[in-house]
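At position 139 of the sequence shown (counting the first as 1) the number is 138 in numbering that gives the first Met the number 0, and the numbers step up by one without a gap.
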Amino acid sequence: MSSTLVAVVTGGNKGIGFAIVRALCKQFTGDVYLTARDPGRGQAAVTKLQEEGLNPLFHQLDIEDLQSIRTLQDFLKKKYGGLNVLVNNAGIAFKVADTTPFAIQAEVTMRANFFATRDVCTELLPLIKPHGRVVNVSSMVSVSALARCSQDLQQKFRSDTITEEELVKLMTKFVEDTKNGVHEKEGWPNTAYGVSKIGVTVLSRIQARMLNEERKADRILLNACCPGWVRTDMAGPNATKSPDEGAETPVYLALLAPDADGPHGQFVSEKKVQKW
């Protein structure tokens, strides 16, 4: 078993994920795994970084496939005895002009951005070693979407005692409400991406609380963050940041010093803790 430190980035073959892998290859003293659903695209991304003189490694990972997550889990357990840094970056967004019915957009977006990210955490968080770092890439859209929720929903999402089970029920309810055409009447904003990222931010707060309760001595730090508005396939060419600039906050959180005691359980943008 290798004593080398190891970092894993989900959705690493393009955009912000690719830029996070690039930065970690330069700054992290250990093995960095670029993961992607499509092995061909993943290998091509690795080759591109190798041409820059960097040495990422590749492992296939489809976050929507539990077996794929477990294959990665087994690999990390056998080869490294665990994991030091996990960056949950993989996610999707429909374009504003997309004509796919909203209920389908809600279901597909929620499955990828919230439920699949949660599955990765369920399988990989137990592998995180002492002083490990976990970064869940969320979005400032989660903050604006929260502000457009009903007071009742805002109260639930801001609660310091909300459980993972309660959060899952709420995310499931949003999808059901969109199918029944009642999501706005039920207090939801008209953004599937925004609600899915509320889920990611709140899940991060819950996970950090659980780590405090169960593994406080291990000093693991887990946060959600917003990379900013970044020029990617997802956000389009008019965004204000390059992917490398978008990677700065996630990488800052991934590389918090071993003796750091925070931020933890926070929502971070521009390397600063934001009010949730």
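Note that CB positions come from ideal geometry on N, CA and C, so glycine has one too.
Check: With DSSP run on the structure shown, which of helix, strand or coil describes C148?
Finding: Coil at C148, not helix or strand.
Check: In three-state DSSP terms, what is L254?
Finding: For L254, the three-state secondary structure derived from DSSP is coil.
Next item on the list: Hey, could you find the ends of the beta strand (DSSP E) D30 is sitting in?
Entry: Start and end: D30 to A35.
Notebook entry, point to check: So, is T171 buried or exposed, given that buried needs 16 or more other C-beta atoms within 10 angstroms?
Noted result: Classification for T171: exposed.
Next item on the list: May I have the straight-line CA-CA distance separating D243 from V250, to the nearest angstrom?
Entry: In this model, D243 and V250 are separated by some 10 Å (Cα to Cα).
Note to self: Nearest by alpha-carbon distance to Q59: which of E185, L71, K168 and R117 is it?
What the structure shows: Ranking E185, L71, K168 and R117 by Cα distance to Q59 puts L71 first.
Check: Cβ of L71 less than 7 Å from any chain D Cβ?
Finding: Of the chains in the structure shown, none is chain D; there is only one protein chain.
Check: Can the beta-carbon of L118 be found less than 7 Å from the beta-carbon of I68?
Finding: Checking the sequence shown, residue 118 turns out to be Asp, not Leu. Closer than 7 Å, so yes.
Checklist line | the segment 102-119 / the segment 171-182 touching (three or more Cβ pairs under 8 Å) | finding: They touch, by the three-pair rule.
Margin query: Going by DSSP, what residue range makes up the alpha helix (DSSP H) through Q26?
Written below: Per DSSP, the continuous alpha helix (DSSP H) segment holding Q26 begins and ends at G14 to Q26.
Next item on the list: Could you name the residues of the same chain whose beta carbon sits closer than 6 Å to that of R214, not counting the 5 residues immediately before and after it, in chain order?
Entry: For R214, where only same-chain residues beyond five positions count, there are no Cβ hits under 6 Å.
Notebook entry, point to check: Grouping DSSP H, G and I as helix and E and B as strand, with all else coil, what is F57?
Noted result: Judged by DSSP in its simplified three-state form, F57 adopts strand.
Notebook entry, point to check: According to DSSP, is N211 helix, strand or coil?
Noted result: In the structure shown, the three-state DSSP call for N211 is helix.
Note to self: Could you pull the DSSP bridge partners for L221 from this structure?
What the structure shows: L221 pairs with V133.
Checklist line | Cut-off 8 Å between Cβ atoms - residues of its own chain near T46, not counting five sequence neighbours on either side | finding: Excluding sequence neighbours, T46 sits near nothing in its chain.
Checklist line | Delimiting residues of the beta strand (DSSP E) encompassing K271 | finding: Start and end: K271 to Q273.
Notebook entry, point to check: Alpha carbon to alpha carbon, how far is L33 from W187?
Noted result: Looking at the two C-alpha atoms, the distance is approximately 35 Å.
Notebook entry, point to check: Could you give the residue range of the alpha helix (DSSP H) that holds S67?
Noted result: Start and end: L65 to Y79.
Item checked: Extent of the continuous beta strand (DSSP E) to which F266 belongs -> Segment F266 to S268, the beta strand (DSSP E) holding F266.
Note to self: Quick check: M109 and S195, are their CB atoms within less than 7 Å of each other?
What the structure shows: Pairing M109 with S195 gives a Cβ-Cβ distance under 7 Å.
Item checked: Cα-Cα separation between L276 and G131, rounded to whole angstroms -> This structure leaves residue 276 out entirely; the chain is present only between 0 and 275.
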